[in-house]
Amino acid sequence: MIAKTRFLLAETGQNIWRNIALTIASIIVVAASLSLFGTSQLVADGVGNATQRWEGGIEFVVFMKADAEPSQLAAIEAILEESRGQEVDEWSFVSKQETFTEFTEFFAGDEELLGTISIDTMPPSYRIRPTDTNAGAVEALGTTFETKPGVRTVVFATEVIREIQQNASKISRAALWAGVALVLAAAIMILTTISIAISSRRNEIEIMKLVGASNWFIRIPFMIEGMVQGVVGALLAVPLLGLAREYLIEDFSESDNLRLLEGFRVTDAEFLATSLIVIALGTGVATIGSIIAVSRYLDV
Amino acid sequence: MIRLENVTKEYSADSPALIDASAEIDKGEFVFLVGASGSGKSTFIRLLNREEKPTTGKVYVAGKDIVGLSSWKVPFLRRNIGCIFQDYRLLPKRTVAENVAFALEVIGRPKHVIDQQVPAILDLVGLSEKSHRMPDELSGGEQQRVSIARAFVNRPLILLADEPTGNLDPDTAVGIMRLLDRINRTGTTVVMATHDRGIVDTMRRRVIELSDGKIVRDQSGGQYR
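Chains A and B are the protein sequences, given in the same order.
Here the working numbering is used: the first residue of the first sequence is 28, the next is one more, and so on.
Here the working numbering is used: the first residue of the second sequence is 7, the next is one more, and so on.
This is how it looks when you write it as structure tokens:
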């Protein structure tokens with residue numbers, strides 16, 4: 028068993044070394060395709076997070092002051108109830124506690140920021156879905172709340188947010204297809220690399236068959252070679268995803284010109300999930316590519 | 007040890023390589039397969055280690071029907087059959103000792119067994135002194151000795167030789183035949199396809215002659231003719 032393992036590992040090492048240029052090319056293709064695939068997932072997450080409060084046709088949000096009196100809240104609610112079925116189609120209240128929970132989930136990991144906030148500093152808010160979604164009508168309705176006592180500000184879902192939201196599913200679908208295409212390219216690249224490795228070693232393979240090496244003994248070094256390419260590529264894709272998260276996605280949320288995209292960020296949990304998907308995908312694709320290569324080109 | 011029953015092998019329908027061939031070879035026999043190029047000698051040999059399957063008929067090796075053998079069992083059959091060829095088929099980037107050791111490594115033999123068996127077999131074929139040489143540093147006869155060492159290191163029951171002296175001068179060929187004879191005396195069955203009239207006539211072993219895919223003569227102590 029030890030002798031077999033040692034021999035198989037040595038064979039795999041030799042395979043990789045003899046085929047080093049193609050192996051590196053494969054790893055780069057895998058890393059590039061998986062990091063693009065992963066980045067598109069992160070962008071979709073970012074869009075989702077940025078537009079979360081605007082889901083379900085919410086056109087504007089009335090933020091109350093953190094210290095607004097219960098009577099002031101009741102006054103707003105009375106107006107909203109009165110207008111229900113007329114200007115207001117639907118409304119919902121987001122309490123201090125809910126806001127705090129949302130905030131802490133969103134900024135999980137940012138201890139510095141979270142240290143400065145508490146439930147008391149959170150503004151309660153009303154999310155409003157108007158009957159008439161025409162921009163002028165929405166603005167007219169929203170501004171009537173701005174002057175009410177206890178109201179801090181009214182934030183509108185602007186054209187940009189609306190557009191981002193409407194396109195979010197399109198973006199993530201397009202990203203998914205682009206990712207699938209690139210990952211497929213990576214699989215073909217691995218398959219090709221393995222088939223070249225097989226053909227460059229056909230003399231050895233012939234001798235192995237003649238002296239009675241088992242089919243799996245012949246196949247395994249090539250399969251490991253393919254999986255190494257997939258796993259190494261995927262592991263390289265993870266730091267690339269980290270860079271994408273830091274420079275592409277989170278820079279948006281800090282850009283002064285794009286205040287609208289505030290909240291365009293990716294949580295640690297989302298990043299971890301995407302990284303795991305990328306690693307699993309890399310390993311899976313490489314395994315499938317290798318299996319196809321050995322069963323097609325290795326006639327044992 | 008080996009039995010062919012009414013074996014026909016067709017690569018294409020109009021020109022069969024072997025037609026209704028039947029033969030039985032006992033353990034420890036030395037058999038020459040003779041006949042013109044294309045008479046079916048190589049097909050005969052390839053059927054014995056399951057490189058080919060017959061179109062019809064049965065092939066038994068060591069009492070087992072190898073035609074119906076499932077593909078994962080074929081390697082275990084081949085561990086009992088050594089093969090040598092006219093073109094030696096050595097691995098050019100491995101030394102003499104490494105070429106021989108390769109045959110044991112790929113069937114998972116432990117290192118201490120390899121370390122013991124490789125020098126012993128190189129001693130048997132007379133290449134102890136050259137164990138660290140590369141194949142291209144050896145003469146044709148020496149390369150064929152390496153290939154015999156590789157085929158025999160696992161002590162197979164059967165040794166198949168397809169024109170093993172085809173590329174060698176007569177003196178060197180005699181040396182190779184002495185070696186094969188020695189291996190045969192250990193009880194290993196040897197089946198050798200050859201064109202070499204001198205060798206067949208000198209050794210006087212059983213001769214199976216093929217012509218256009220048919221066995222036309224099966225004679226013990228035979229000559230080439």
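For each residue, glycine too, the CB sits at the ideal point set by N, CA and C.
**Request:** May I have the straight-line CA-CA distance separating residue 198(B) from residue 157(B), to the nearest angstrom?
**Result:** As a position in the second sequence, residue 198(B) is number 192, starting the count at 1. As a position in the second sequence, residue 157(B) is number 151, starting the count at 1. Looking at the two C-alpha atoms, the distance is approximately 14 angstroms.
**Asked** Grouping DSSP H, G and I as helix and E and B as strand, with all else coil, what is residue 287(A)?
**Response** The residue you call residue 287(A) lines up with position 260 of the first sequence. Annotation note: pLDDT 46 at residue 287(A) (below 50); position unreliable, no value reported.
**Asked** Whose Cβ in chain B lies nearer than 9 angstroms to the Cβ of residue 242(A)?
**Response** The residue you call residue 242(A) lines up with position 215 of the first sequence. What residue 242(A) touches in chain B: 77, 78, 80, 81.
**Asked** DSSP on residue 35(B), reduced to helix/strand/coil?
**Response** As a working note, residue 35(B) is residue 29 in the second sequence. Note: residue 35(B) maps to coil in three-state DSSP.
**Request:** Compare the C-alpha of residue 73(A) against each of 325(A), 163(A), 272(A), 326(A) and name the closest.
**Result:** Taking the first sequence and counting its residues from 1, one reaches residue 73(A) at position 46. With distances taken between Cα atoms, residue 73(A) lies closest to 272(A).
**Request:** Tell me, please, which residues DSSP counts as bridged to residue 91(A).
**Result:** The sequence position of residue 91(A) within the first sequence is 64, counting from 1. Bridge partners of residue 91(A): 178(A).
**Asked** Buried or exposed: residue 13(B), going by 16 or more other Cβ atoms within 10 Å of its Cβ?
**Response** Position 7 of the second sequence, counted from the first residue, corresponds to residue 13(B). The residue is buried, with at least 16 neighbouring Cβ atoms inside 10 Å.
**Between the CA atoms of residue 236(A) and residue 242(A) - distance to the nearest angstrom** = In the first sequence, counting from the first residue as 1, residue 242(A) sits at position 215. In the first sequence, counting from the first residue as 1, residue 236(A) sits at position 209. Each residue's alpha carbon lies about 8 angstroms from the other.
**Asked** Near residue 251(A), which residues of its chain fall below 7 angstroms by C-beta distance, leaving aside the five closest residues on each side in sequence?
**Response** The sequence position of residue 251(A) within the first sequence is 224, counting from 1. Within the same chain, residue 251(A) has close Cβ partners 39.
**Prompt:** Just reading off the alpha helix (DSSP H) that residue 108(A) is part of, what are its end residues?
**Reply:** Start at 1 with the first residue of the first sequence, and residue 108(A) comes out as number 81. Unbroken alpha helix (DSSP H) run through residue 108(A): 97-110.
**Asked** Skipping 5 residues on each side, what residues in its chain have a beta carbon closer than 7 angstroms to that of residue 124(A)?
**Response** As a first step, residue 124(A) must be located in the first sequence, where it is residue number 97. Taken in chain order, the residues that qualify are 146.
**Asked** So, helix, strand or coil for residue 142(A), using DSSP?
**Response** If you number the first sequence from 1, residue 142(A) lands on position 115. Helix, per DSSP.
**Request:** Examine chain A for any beta-carbon lying closer than 8 angstroms to the beta-carbon of residue 111(B), and answer yes or no.
**Result:** Your numbering for residue 111(B) matches position 105 in the second sequence. Output row for residue 111(B): interface = yes.
**Request:** Quick one: using the 10 Å Cβ neighbour count with 16 as the cut-off for buried, is residue 321(A) buried or exposed?
**Result:** Indexing the first sequence from 1 puts residue 321(A) at position 294. Counting Cβ neighbours within 10 Å, residue 321(A) comes out buried, since at least 16 surround it.
**Asked** Using a C-beta cutoff of 8 angstroms, does residue 114(B) count as contacting chain A?
**Response** By 1-based counting over the second sequence, the position of residue 114(B) is 108. Interface residue, yes.
**Prompt:** Given that residue 97(B) touches chain A, what residues does it touch there, using C-beta distances under 8 angstroms?
**Reply:** Start at 1 with the first residue of the second sequence, and residue 97(B) comes out as number 91. The contacting residues are 230, 231, 234.
**Message:** For residue 112(A), count the other beta carbons within 10 Å of its own beta carbon; 16 or more makes it buried, fewer makes it exposed. Which is it?
**Reply:** Counting from one through the first sequence, the residue named residue 112(A) turns up at place 85. That one is exposed.
**Asked** Which term fits residue 266(A), buried or exposed, when burial requires 16 or more other beta carbons within 10 angstroms of its beta carbon?
**Response** Taking the first sequence and counting its residues from 1, the one referred to as residue 266(A) is at position 239. Looking at its Cβ environment, which holds fewer than 16 other Cβ atoms inside 10 Å, residue 266(A) is exposed.
**Message:** Tell me the rounded alpha-carbon separation between residue 261(A) and residue 226(A).
**Reply:** For the purposes of this step, residue 261(A) is taken as residue 234 along the first sequence, with counting starting at 1. For the purposes of this step, residue 226(A) is taken as residue 199 along the first sequence, with counting starting at 1. Computed Cα separation, rounded: 26 angstroms.
**Asked** Which term fits residue 233(A), buried or exposed, when burial requires 16 or more other beta carbons within 10 angstroms of its beta carbon?
**Response** What you label residue 233(A) is simply residue 206 of the first sequence in a count that begins at 1. The residue in question, residue 233(A), is exposed, as its Cβ has fewer than 16 Cβ neighbours within 10 Å.
**Asked** What does residue 30(A) touch in chain B if you count any residue whose Cβ is under 7 angstroms from its own?
**Response** In the first sequence, counting from the first residue as 1, residue 30(A) sits at position 3. Within chain B, the residues near residue 30(A) are 114, 115, 116, 117.
**Request:** To the nearest angstrom, report how far apart residue 61(B) and residue 194(B) are at their CA atoms.
**Result:** Along the second sequence, read from residue 1 onward, the residue named residue 61(B) stands at position 55. Along the second sequence, read from residue 1 onward, the residue named residue 194(B) stands at position 188. Between residue 61(B) and residue 194(B), the C-alpha separation is close to 28 angstroms.
**Short CB-CB distance (under 8 angstroms) between residue 36(A) and chain C** = Here the protein chains are A and B, and chain C is not one of them.
**Item:** Span separating the alpha-carbon of residue 63(A) from that of residue 206(A)
**Value:** By 1-based counting over the first sequence, the position of residue 63(A) is 36. By 1-based counting over the first sequence, the position of residue 206(A) is 179. Computed Cα separation, rounded: 7 angstroms.
**Prompt:** At a cut of 8 angstroms, does the region 167-181 of chain B reach the region 134-151 of chain B through at least three beta carbon pairs?
**Reply:** yes
**Prompt:** Are there 16 or more other CB atoms within 10 angstroms of the CB of residue 229(A), so buried, or fewer, so exposed?
**Reply:** Translated into the one-based positions of the first sequence, residue 229(A) becomes position 202. By the neighbour-count rule (16 or more Cβ atoms within 10 Å), residue 229(A) is not buried but exposed.
**Asked** Does the beta carbon of residue 285(A) sit closer than 8 angstroms to a beta carbon anywhere in chain B?
**Response** On the first sequence, residue 285(A) is found 258 positions in, with the first residue counted as 1. Its pLDDT being 44, under 50, residue 285(A) is placed unreliably in this model, and the coordinates cannot settle the point.
**Prompt:** For a contact meaning CB atoms closer than 9 angstroms, what does residue 108(B) contact in chain A?
**Reply:** As a position in the second sequence, residue 108(B) is number 102, starting the count at 1. Those within 9 angstroms of residue 108(B) in chain A are 231, 234, 235, 238.
**Prompt:** What is the residue span of the beta strand (DSSP E) that residue 12(B) lies within?
**Reply:** Taking the first residue of the second sequence as 1, we reach residue 12(B) at position 6. From DSSP, the beta strand (DSSP E) with residue 12(B) extends over 8-16.
**Message:** In the DSSP assignment, the beta strand (DSSP E) including residue 225(B) goes from what residue to what residue?
**Reply:** Position 219 of the second sequence, counting from 1, holds the residue named residue 225(B). Per DSSP, residue 225(B) belongs to the beta strand (DSSP E) from 220-225.
**Item:** Cβ pair residue 152(B), residue 105(B) closer than 8 angstroms
**Value:** For the purposes of this step, residue 152(B) is identified with residue 146 of the second sequence, where counting begins at 1. For the purposes of this step, residue 105(B) is identified with residue 99 of the second sequence, where counting begins at 1. Against a cut-off of 8 angstroms, the Cβ pair of residue 105(B) and residue 152(B) comes out as a contact.
**Item:** Neighbouring residues, chain A, relative to residue 84(B) (Cβ below 8 angstroms)
**Value:** Your numbering for residue 84(B) matches position 78 in the second sequence. 236, 237, 238, 239, listed in chain order.
**Message:** Helix, strand or coil for residue 88(B)? Go by DSSP, reduced to three states.
**Reply:** The sequence position of residue 88(B) within the second sequence is 82, counting from 1. Three-state DSSP puts residue 88(B) in a strand.
**Request:** Have a look at 119(A), 211(A), 216(A) and flag the residue whose alpha-carbon is nearest the alpha-carbon of residue 105(A).
**Result:** Here residue 105(A) refers to the residue found at position 78 of the first sequence. Of 119(A), 211(A), 216(A), the residue nearest in Cα terms is 119(A).
**Prompt:** What's the C-alpha gap between residue 224(A) and residue 44(A)?
**Reply:** Locating residue 224(A) in the first sequence gives position 197, counting from the first residue. Locating residue 44(A) in the first sequence gives position 17, counting from the first residue. C-alpha separation (whole angstroms): 10 angstroms.
**Prompt:** Near residue 304(A), which residues of its chain fall below 8 angstroms by C-beta distance, leaving aside the five closest residues on each side in sequence?
**Reply:** Locating residue 304(A) in the first sequence gives position 277, where the first residue counts as 1. Excluding positions up to five away in sequence, the list reads 65, 68.
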